[in-house]
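One structure is given below, encoded as C-alpha cells.
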Amino acid sequence: MENQATFGDILVKILIVMVLLTSSTVFSVVKTSTLENIKLHKVLKCGVSAGLAGFSAPNSKGKWQGLDVDICRAIAAAVFGDVNKVQYIALSAQQRFVALQSGEIDVLSRNSTFTLTRDTSLGLNFAPVVYYDGQGFMVKRKDRVSKISDLNGASICIQQGTTTELNLADYFRANNLKFKPVVFENNDEVTQAFVKGRCDALTTDISGLAAEKSKFKNPDNYVILTEIISKEPLAPVVRHGDDSWFDVVKYVIYALITAEEFGITSQNIDSFFKTKNPKIKRFLGITKGNGKALGLDEKWAYNIVKMVGNYHEIFERNVGKQSSLKLERGVNALWKNGGLHYSPPFK
Ligand SMILES: N[C@@H](CCC(=O)N[C@@H](CS)C(=O)NCC(=O)O)C(=O)O
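First residue of the sequence shown? That's 93 in the working numbering, and the numbers climb one at a time after it.
Put into C-alpha cells, the structure is as follows:
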C-alpha cells in the first residue's frame, strides 16, 4: 500500500511538472512572438553583409542598398507599410548565425546558403531562396588560368565561417588536387589579399566574385572561371520556434515572385485595382483573408510591390542588367521561363 501511494504521488508530481512545462512553453511562445515584438518596437532588425555590392552595402549617402536589403525593406513594407522601419545590422560570416540565435536580429538577409546543418543543428529555418548561386573562382588574367585543374598547388583566398571552405576542400580532394588555403575573417581582407598577390585565386559564391570584380579599378585584369563547384541557394533565415514569423518571411518572398508571375510591378500595380481576376484581387487584398491569415494588414502584398517592386525589378536593379554586377537571370528566372523561382498559390 505504502509503495502504491508513493508511486501515485510520483505520478501526480510528474503530471504537475508536465502541465507546468507545457504552460510555460505556451507562455514563452506568446511572450516572444517575433512579429508582435517587431510591431511593438516599430522596427525590423535585419542582419546583412557589411559590404557586398549588389546584395547589401551602404551607398555614398550611407543608405543601405542591394537585393538582400530589398528583402528587409519588403518585410518592413508588409509589416509596417513603411520600408524605412528597418535597422540594418552588419554581420560577418562568423557572426551572422549567433546574432540570429541570440535574438539580436529578427531575420538574417545575408547571402547565406541553405544547408542541412544550418537548418537543423543551428536551430534555424530557411525562407525561400532569393538567389540560386554556386561557388566559383576568380583569377588574374595574366596568370592564364582557364580551368580549376590549372590551380593544382595554388594558394587560394577564402573567407572564414562560410560554406566556401568545405566546398573547396571537398572539390580539391575529390579531384586529387592540392591547394594552400589563405583564410581571413572579412571580405575586404580576402579581396585585398588576392589583389596584392598573397594568393593565386579567390573563391566564393559567383555573385560574390561578381560583386568584388565590379569594385575593381581594372576589372578586365581579372577572370571568373566558368566552372562551378557547388550549389549555393541563398536564402533569408529565421530562428526555430516561431512558425508564424517564418510564415511572414516566406510569404513576403513568395509575394515578390507571385507579383512577377502576374506581371504586376511597382509602376503598374494601381491599374490592377480594376481587375476582375479573382486571384489578383486576393493578392492585392481587395478580397480579404490573406492578410488576416498572416497577422498583417490586408494591403501587405500591395505595399511590398508598390514600395519595393516585384522579384524581377529587385533582381535587375541590384544584380542584373541595370547594375554594375550584370548577372544574368539564368536559373534565377521564374519557373515558367525555365528558372527555379516558383511560388505556391495565394489562396
Ligand atoms: N554563401 C556562403 C558565403 C557567404 C559569405 O559570407 N560570403 C562572403 C564572400 S562573398 C561575404 O558575403 N562577405 C561579405 C562580408 O563579410 O561582409 C555562405 O553562406 O557561407
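Ideal placement from N, C-alpha and C gives every residue a C-beta, glycine not left out.
Put simply, of Glu277, Trp337, Leu136 the residue whose alpha carbon is nearest the alpha carbon of Gly173 is Leu136. Under the three-state reduction of DSSP output, Lys137 falls in the strand class. Residue range 216-218 is occupied by the beta strand (DSSP E) that includes Phe218. At the C-beta level, Phe218 and Ala327 come within 8 Å of one another.
A distance of 8 Å or more separates the beta carbons of Val400 and Tyr224. With a cutoff of 7 Å, Gly143 counts as near ligand 1, since its C-beta is closer than that to a heavy atom of the ligand. DSSP links Asp297 through a beta bridge to Gln227. At a threshold of 7 Å, Leu417 does not count as near ligand 1, since its beta carbon sits no closer than that to any of the ligand's heavy atoms.
Asp292 and Arg202 have their C-alpha atoms spaced approximately 27 Å apart. When secondary structure is reduced to three states using DSSP, Leu326 falls in the strand class.
When secondary structure is reduced to three states using DSSP, Phe407 falls in the helix class.
Inter-segment contact for the segment 226-242 and the segment 179-195 is absent: fewer than three beta-carbon pairs are separated by less than 8 Å.
Cβ-Cβ distances below 6 Å link Ala185 to Gln251, Gly253, Thr254 in the same chain, with the five nearest sequence neighbours on each side left out; the list follows chain order. Bounds of the alpha helix (DSSP H) holding Gln284 are 279-287. Check the Cα spacing between Val411 and each of Ile298, Ser247, Arg165: the tightest is with Ile298.
For Leu317, the shortest separation between its Cβ and any heavy atom of ligand 1 does not lie below 7 Å. With a cut-off of 7 Å, the C-beta of Asn429 is classified as distant from ligand 1, since no heavy atom of the ligand falls inside that distance. Relative to Lys305, the option among Gln284, Ala261, Trp427 whose CA is nearest is Gln284.
Looking at the DSSP output, Thr205 shares a beta bridge with Leu326. Straight-line measurement puts the Cα of Ile349 at about 11 Å from the Cα of Leu432. Counting along the chain, Ser336 sits inside the alpha helix (DSSP H) bounded by residues 335-354. Taking a C-beta distance under 8 Å as the contact criterion, Ile356 and Ala166 do not qualify as a contact pair.
Between the alpha carbons of Asp312 and Asp334 lies a gap of roughly 47 Å. Rounded to whole angstroms, Glu196 and Tyr403 show a C-alpha spacing of 28 Å. Per the C-alpha coordinates, the member of Ser125, Val175, Thr296, Phe206 positioned closest to Ile321 is Thr296. Using a 10 angstroms sphere on the CB of Trp337, the tally of other CB atoms reaches 16 or more, which defines it as buried. Between the segment 231-251 and the segment 264-278, the count of C-beta pairs closer than 8 Å reaches three or more; the two stretches touch. Annotated three-state conformation of Ser241 is helix, per DSSP. Distances taken from the Cβ of Ala285 to the heavy atoms of ligand 1 include none shorter than 7 Å. In chain order, Gln227, Ile250, Thr295, Thr296, Asp297 place their CB closer than 8 Å to the CB of Thr256, counting only its own chain and leaving out the 5 sequence neighbours on each side. Rounded to the nearest angstrom, the Cβ distance from Val171 to Lys131 is 7 Å, consistent with a contact under 8 Å.
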